[in-house]
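Following the UniProt record's numbering, the numbering of the sequence shown begins with 1 at its first residue and continues without gaps.
For each residue, glycine too, the CB sits at the ideal point set by N, CA and C.
Here the structure is a predicted model, which means the values were calculated and not measured.
Single-structure report; data block below.
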Amino acid sequence: MAFQRRRNHYYNRFRFLIPFISSIFGGLLLFFALLSFLAPSPNVSDHTRRIPPVQFNAASDKAIGVSHFRVPRNGARSGRDLWTSRNAKFYSGCSNASNKFRKANAITHPNRYLLIATSGGLNQQRTGITDAVVAARILNATLIVPKLDQKSFWKDSSNFSEIFNVDWFISFLSKDVKIIHHLPKRGRKTWNAHSMRVPRKCSERCYQNRVLPVLLKRHAIQLSKFDYRLANKLETDLQKLRCRVNYHALKFTDSIEKMGEKLVHRMRARSKHYIALHLRFEPDMLAFSGCYYGGGEKERRELGKIRRRWKTLHQVSNPEKERRHGKCPLTPEEVGLMLRALGYGQDVHIYVASGEVYGGEETLAPLKALFPNFYSKETIASKQELEKFSSYSSRMAALDFIVCDESDVFVTNNNGNMARILAGRRRYFGHKPTIRPNAKKLYRLFMNRANMTWGAFSSRVRTYQRGFMGEPNEMRPGRGEFHENPSPCICEEAGFHVKSDNSGPREHDTTRRRDEAATVGDDQNNDYEPEWPDSEEEEEQVEFQDKDPFNTSVEYEGSNYEEPNLELEEILSD
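Take a look at the structure:
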């Protein structure tokens, strides 16, 4: 009984505390419920919004950043010269014809005339012009000065002589291919050229089997939409002819050259060295790629509206996957972080070749914070100076081409036509550094940078960028597009001995030619460039560049080849 009384006593004491404790827990539950209601709902795809942005730290002159990810103002010590490629002095361009390459007047047949209609923007057309000269040589035909594309997305009405020095073009190549301005008269009438199209990556045998019979019958043919209509794999003398056209015969007009040189001089007056950046972060580029950069519903709505202009594009169900696979341009901020990690400090001067950047100044702000010496042709030239160029997209692109070509370091943010042509040109003229972001690996690094120190981040960037810096022997002979890797036209000095990134040491003769490219398969890079589905109705579509995106390019070997109804082309590559 005594035990029962004590238990009732303690029960009666704690019974009065139960409502008090319950009210406390109830209040806490209501508090947390209110917090969860007011907090913004997380979006699984908005990874980029959860990463701290790069900011200036007012308390320190040595770092930019937040948390323990503190970006230094000065570049890291990378242990290498930032402005030159290792061993570049042992390589030089060599594109002279061999003694077996007969002169044009000995091989050109009368009454064989080849016309071509190029496609796309400036740099895409440049590849077509280069390959047209070689096609005329294969057919032993006279080439008519190429017709430029005036109906594409760029809407540029310029003709050949308004972009390129046509007299120099004809005279420089006079020993290789006969070139004339117009079709000659046949009696009192002009030849009526027969229009046709050849397959992508058409080989010598393809031209001989498919085009030559028509040319013999019609005497004058026009090859339409002429871009990437010549195989990567050709005999060495034809490859060297390609190089003579692209690197020597194709010069811009005097007015373009002079304005371009003026822009280069103004960049040099500001700094001994400068970086040229082909940013490629325009709205249509991002819309076509289907990539997502964390801008929420506003970004999806804006880019989706642009994307719907192209009815044949598939819907991207997982935009984040495209970035994970390295198929998207880096953001301007990411480009800046990559360059800082590679050793370029805030005192470095950057020239940006770009159209309208998606997000405008807000998007560019982090890059400008990292590199305040930030220029474009519009900021270093007056409106009056650019007036005669500004209405013509190809002439404006030519100015950017010159400044990028003359830069100490060229950085490309996608692997399009301009990037590939400049990469090949810079290899040919001394292997000047050309940086391509290793986007697939860098993406994961950028996503995790908030959990890393700057030292760990920069070390990994330098590791991931090995093989993407434009060094000699980064690409095996025959790999990639010929215009990007013109290996048969690059010679090595006598006695120089270097180990390739991909193979062991190779023997070197005096100015030994790397002619393996003539026998290596027509391999393609796995580098990113979005593909554009072609349509026959050119007036209803935007024209873009071609490349076999799935490494399945076929060399035409017979007359029974049929070109696919839908060709895959690349977007906005100029």
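Query	Result
On the CB-based measure, 16 or more other CB atoms within 10 Å of its CB, does ASP347 come out buried or exposed?	exposed
Is the beta carbon of LYS251 less than 9 Å from the beta carbon of PHE169?	yes
Cβ of ALA132 within 9 Å of Cβ of LEU223?	yes
Report the three-state DSSP secondary structure of LEU442 (helix, strand or coil).	helix
Does the count of Cβ pairs from the stretch 144 to 162 and the stretch 266 to 282 closer than 8 Å reach three?	no
Helix, strand or coil for SER391 per DSSP?	coil
Which full runs of the beta strand (DSSP E) of 3+ residues lie inside the stretch 340 to 396, going along the chain?	349 to 353
On a Cα-Cα basis, can you pick out the residue from VAL461, PHE371, PHE429 and MET418 that is closest to GLU481?	MET418
Please list, in chain order, all residues of the same chain as CYS404 whose beta carbon is under 8 Å from its beta carbon, the five residues on each side excluded.	ALA276, HIS278, TYR351, ALA353, PHE410, MET418 and LEU422
Could you tell me which residues DSSP pairs with GLN222 in its beta bridges?	LEU115 and SER195
Can you give me the C-alpha to C-alpha distance between LYS100 and ARG395, rounded to a whole angstrom?	38 Å
By how many angstroms is the C-alpha of LEU212 removed from the C-alpha of ALA136?	10 Å
Verify whether the separation of the beta carbon atoms of LYS185 and ALA117 is less than 9 Å.	no
Tell me which same chain residues have a C-beta within less than 6 Å of the C-beta of PHE457, skipping the five on either side of it?	ARG449
Could you pull the DSSP bridge partners for SER92 from this structure?	CYS491
Helix, strand or coil for LEU250? Go by DSSP, reduced to three states.	coil
Please confirm whether MET267 has its beta-carbon closer than 9 Å to some beta-carbon of chain D.	Protein chains in the displayed structure number just one, and chain D is not present.
Taking 9 Å as the cut-off, decide whether the C-beta atoms of PRO366 and GLU333 are in contact.	yes
Hey, quick one: how far does the beta strand (DSSP E) through PHE457 stretch, first residue to last?	Careful: PHE457 lies outside any beta strand (DSSP E), inside the alpha helix (DSSP H) at 454 to 464.
State the start and end residues of the unbroken alpha helix (DSSP H) segment that holds VAL468.	The question names Val, yet the displayed sequence has Phe at residue 468. Careful: PHE468 lies outside any alpha helix (DSSP H) and carries neither H nor E.
With distance defined between alpha-carbon atoms, name the residue in ARG266, GLY359 and LEU173 nearest to THR379.	ARG266
Please report the distance separating the alpha-carbon of ASN105 from that of GLY304.	55 Å
Since TYR247 and ARG425 should fall inside the 8 Å C-beta cutoff, what is the C-beta to C-beta distance between them, to a whole number of angstroms?	6 Å
Just the C-alpha distance for ASN209 and ARG268, rounded to the nearest angstrom, thanks.	52 Å
When you compare the CB positions of LYS240 and ALA97, do they come within less than 9 Å of one another, or not?	yes
Taking a contact to mean a Cβ-Cβ separation below 9 Å, would you say CYS489 touches CYS328 in this structure?	no
CYS206 to PRO199, Cα distance in whole Å?	9 Å
What is the DSSP secondary structure of ARG449, reduced to helix, strand or coil?	helix
What does the alpha-carbon distance come out to for the pair ARG126 and ARG420?	12 Å
For the beta strand (DSSP E) that contains PHE410, what are its first and last residues?	409 to 412
On the criterion of 16 or more Cβ atoms from any shown chain inside 10 Å, does PRO110 qualify as buried, or is it exposed?	exposed
Suppose you measure from the CA of LEU139 to the CA of GLY343; what does that come to, to the nearest Å?	50 Å
Using C-beta distances below 8 Å, list every residue in its chain close to ARG270, excluding the 5 sequence neighbours before and after it, in chain order.	HIS349, ASN373 and TYR375
Would you list the residues sitting across from HIS274 in a DSSP beta bridge?	Inspection of the sequence shows that residue 274 is occupied by Tyr rather than by His. DSSP, once it has assigned bridges, lists HIS349 as partnering TYR274.
Could you name the residues that DSSP lists as bridge partners for PHE164?	PHE252
Using the Cα positions of ARG340 and LEU122, report the straight-line distance between them to the nearest angstrom.	31 Å
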